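Notes follow the structure.
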Amino acid sequence: MKKVFLGGAILASLLLSACSNTKSTQTNNSNESATASASQSRKMIKVGQEIYYPTRGNLKFLADSNKHIEEDTDGVNYKILSTRLFRDKTKTSEQHNFLAQAFGNDIGSTIYYVQVVYSLQNNTGHPIFIWGASGINESGTQYDSNNGAYDSLQGKTIQPDAKMNGTFLYKATSSDKDNFDKEKMVTGLVDIKSGDKDIKTIEHATIDLTK
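What the sequence shown shows, in our numbering, is residues 2 to 212, in sequence order.
Structure follows, in structure tokens:
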């Protein structure tokens, strides 16, 4: 499963490239666009607010959840700090390409997405390697990292007793505004390491984001 996942990540990077850049450059571009998207989104503090960004088009803040949710999976502690729903309407090919780096080339000129800001604490006593999370929207559709979703902690190694903050984005549907309580995050696999060896894999956990 891990090998298939990694292959999908590489394939996604290749498909997103408009020229023969290296994989590391493609990944950095994707990370930068998703990070910029999250940064711009966080500036919006009121539901209904709409702002035009030259890099991405018209961004509208549709819904918010103020629930702070905590989930522990075998010593890996997740804290959901905020969950928001946005709509983005692009007007230019440059804006579309900016968003495609995070969500994939199959997006239209209007995209809805959920933004999850969370923290991850490593209480396992060993270094851990993080695989990308998935998101499930109100219709039950699941979007995986590099395929409709982006997880800023994907590929990170976290040392014992350390904590990292992450941003997770995934595509949603237009009806999610009225069914926001059904949004879910499926945590990525976590490899517990001892040197270069995996000594245990922590399986996925499903977190209800707004309950």
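Cβ atoms here follow ideal geometry from the backbone N, Cα and C, with glycine treated the same way.
For clarity, every value in this text was computed on a predicted model and none was experimentally measured.
Are the CB atoms of residue i and residue j nearer to each other than 7 Å?
| i | j | result |
| --- | --- | --- |
| Tyr114 | Leu170 | yes |
| Lys178 | Ala64 | yes |
| Gln102 | Arg57 | no |
| Leu210 | Ile81 | yes |
| Lys92 | Thr111 | no |
| Lys172 | Gly149 | yes |
| Lys185 | Ile137 | yes |
| Ile159 | Asn123 | yes |
| Glu139 | Asn106 | no |
| Val77 | Phe62 | no |
| Pro161 | Gly126 | yes |
Roughly how far, in whole angstroms, is the beta-carbon of residue i from the beta-carbon of residue j, given that I think they are within contact range, below 8 Å?
| i | j | result |
| --- | --- | --- |
| Asp152 | Gly167 | 7 Å |
| Met165 | Ser94 | With 8 Å as the limit, Met165 and Ser94 do not qualify as a contact, their Cβ atoms being about 34 Å apart. |
| Ile203 | Thr74 | 6 Å |
| Glu71 | Ala206 | Not confirmed; about 12 Å, so no contact. |
| Lys68 | Lys212 | 7 Å |
Under DSSP, the beta strand (DSSP E) around residue i begins and ends at which residues?
| i | result |
| --- | --- |
| Leu63 | Gly58 to Ser66 |
| Ala134 | Looking at the DSSP string, Ala134 is not in any beta strand (DSSP E), and its letter there is neither H nor E. |
| Ile140 | Inspection of the sequence shows that residue 140 is occupied by Ser rather than by Ile. From DSSP, Ser140 is part of no beta strand (DSSP E); its letter is neither H nor E. |
| Phe87 | Val77 to Lys90 |
| Thr111 | Thr111 to Asn123 |
| Glu51 | Glu51 to Tyr54 |
| Asp152 | Gly149 to Asp152 |
| Asp73 | Ile70 to Thr74 |
| Thr215 | Because the chain in this structure spans residues 2 to 212, residue 215 falls outside the shown range and cannot be described. |
Hey, could you find the ends of the alpha helix (DSSP H) residue i is sitting in?
| i | result |
| --- | --- |
| Leu100 | Ser94 to Phe104 |
Would you identify the three-state DSSP class for residue i, choosing helix, strand or coil?
| i | result |
| --- | --- |
| Ser175 | helix |
| Lys157 | coil |
| Ser42 | helix |
| Asp199 | strand |
| Asp182 | helix |
| Lys164 | strand |
| Val48 | coil |
| Ile108 | coil |
| Lys212 | coil |
| Leu190 | coil |
Evaluate the contact criterion for the segment 117-132 versus the segment 189-206: three or more CB pairs, one atom per stretch, below 8 Å. In short, these stretches touch, since the Cβ pair count reaches three.
How about the segment 100-117 and the segment 72-89: do they share at least three Cβ pairs that are nearer than 8 Å? Enough Cβ pairs lie closer than 8 Å, so yes.
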